[in-house]
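Residues in the sequence shown are numbered from 1 upward in steps of one, following UniProt numbering. Glycine included, each C-beta is placed from N, C-alpha and C at the ideal position. Reviewing the structure listed below.
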Amino acid sequence: MFRVTSPSAECLEYRAGVDTLSHASADSYLITVACEDSSETPATEVIQVIITPSSPPVFDPDVKFASVNIDVNISSAGDVLYDVNATDADFDDVIYTLAVTPAEASDAFFIGPYSGEITALYDLIYLCLSSVSLEVTITDGVSTPQPLVITMLLDNSHVSPIGINLDREVHIPEDATGTVYTIRFVDGDGDALTYSVTSSDTTSFAQYSVTGDQIDAATALDYEDITLRTTDLTIKAADPYCESQEYSLRLEVTDVNEAPTIFPNQTVTNVKVCEGLGVFDPGLTVNDPDLTDVHVWTLISTNLDGYYSIDPSTGWLGTTLDYDIDPDYNKSGAFPTNYLYVVQVGGSRSSF
């Protein structure tokens, strides 16, 4: 731990790094140093080395709490906001470190590790907080006293916009058109806002367009396409100084019972059939986006005598009696040679 520097010089030194001096372990050492030549009796000397405890650094003034008001309108990047001072009785170097609360404000402040000067890293008008807490810690490499907590009040600060109808799920019927949702934010300063609306669901998001705070249906919505039913949005708003936190919004397309269509879709189809009692296939099919719907065919043309029929499940047409149009057997009130069937299924019509 200790040694004489050279055989020819009586100089006692501490060998740094060989061991650690600790006042708590030993407050002093007695060291015997001998000097001799080739003919005389060695001469000795006892040296007492007293170990004194390291003095911790002290804030100047010695306080644990402080406050300061900063006008953000005149605060610029690089300005010194607060100068922390500390002294050390042993003249050791004092190192300053800084912790900021809330954490999102950490990028706004810097403390010189040897000067203790707290400076702004950008114009504080963009910080958008009314106050921050700055905790300054000092150390001499051995001792670290309790920190100094500085409350910094930010005068004339701006506030971030706050969303008031977000972080929720919105149900949109698939037949919706135009604006399907209006984003609502409040801004404590009354500033004009701009909006950011993004989504990782690129395919389903393509169904919508965004203009300002309006979300519109850009294309026909389709509940039956399961890949397009759900769209998750990330939304933020910003004024000239502050940006809001991120909000979420889920757009969920809901089912609407859509009217089926009859194919072929011409207004009148001519079909020739033989007389007599029977049924015939008019060749109609139903197209319905709602795949699970049950379709019921009805005859809506005039049928006062009940001569004509329709199968409600298949749409096949027919007569209810032995239909005879032969002139040799015509009698008063004989059956006509033509009849216009007007049929309907779920609101869609076709005629024969």
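If we ignore side chains and look at the alpha-carbon of each, how far apart do residue i and residue j end up?
i    : j    : result
D79  : V18  : 45 Å
A77  : I70  : 13 Å
G315 : V279 : 10 Å
G203 : L228 : Sequence check: residue 203 is Thr here, not Gly. Spanning the two alpha carbons is a distance of roughly 7 Å.
V221 : P173 : First, the amino acid is wrong: residue 221 is Leu here, not Val. Spanning the two alpha carbons is a distance of roughly 8 Å.
F205 : V186 : 25 Å
T261 : G188 : 53 Å
H171 : L153 : 44 Å
T194 : S160 : 12 Å
A26  : Q48  : 12 Å
I50  : S106 : 44 Å
L98  : D191 : 33 Å
N165 : D155 : 30 Å
T44  : C35  : 6 Å
I215 : C128 : 28 Å
P240 : V63  : 39 Å
T5   : E13  : 7 Å
I111 : A218 : 52 Å
T292 : N257 : 10 Å
L299 : S209 : 44 Å
D93  : E117 : 15 Å
A176 : T211 : 17 Å
Run through DSSP, which three-state label would residue i get?
i           : result
E45         : strand
D51         : Reading the sequence as shown, one finds Ile at residue 51 and not Asp. The answer is coil: DSSP assigns I51 none of H, G, I, E or B.
A105        : helix
N73         : helix
Y323        : coil
I226        : helix
residue 369 : The structure shown has nothing for residue 369, since the chain only spans 1 to 352.
W297        : strand
C242        : coil
S199        : coil
G15         : According to the sequence shown, residue 15 is Arg rather than Gly. The answer is coil: DSSP assigns R15 none of H, G, I, E or B.
T302        : coil
Q146        : coil
Should residue i be labelled buried (16 or more other beta-carbon atoms within 10 Å of its own) or exposed?
i    : result
A103 : exposed
V46  : exposed
Y341 : buried
K236 : buried
V343 : buried
Locate the alpha helix (DSSP H) running through residue i, then write down its first and last residues.
i    : result
T211 : Element bounds for T211: not the alpha helix (DSSP H) but the beta strand (DSSP E), 208 to 211.
E205 : According to the sequence displayed, residue 205 carries Phe and not Glu. Segment 202 to 205, the alpha helix (DSSP H) holding F205.
Does the distance from the CB of residue i to the CB of residue j come in under 8 Å?
i    : j    : result
S75  : L124 : yes
E252 : E135 : no
S115 : D90  : no
P113 : I95  : yes
P289 : L317 : no
D322 : G276 : yes
F65  : V149 : yes
P61  : S143 : no
D213 : T182 : yes
T234 : E224 : no
From which residue to which residue does the beta strand (DSSP E) around residue i run?
i    : result
N171 : Residue identity differs from the one stated: residue 171 is His in this sequence, not Asn. Segment 168 to 173, the beta strand (DSSP E) holding H171.
N287 : 285 to 287
I138 : 131 to 139
R250 : 247 to 254
V180 : 179 to 182
F263 : 261 to 263
E117 : 117 to 120
A34  : 28 to 35
Should residue i be counted as a contact of the ligand MN given a C-beta to heavy atom distance under 7 Å?
i    : result
I226 : Ligands in the displayed structure: none, and consequently the ligand MN is not present.
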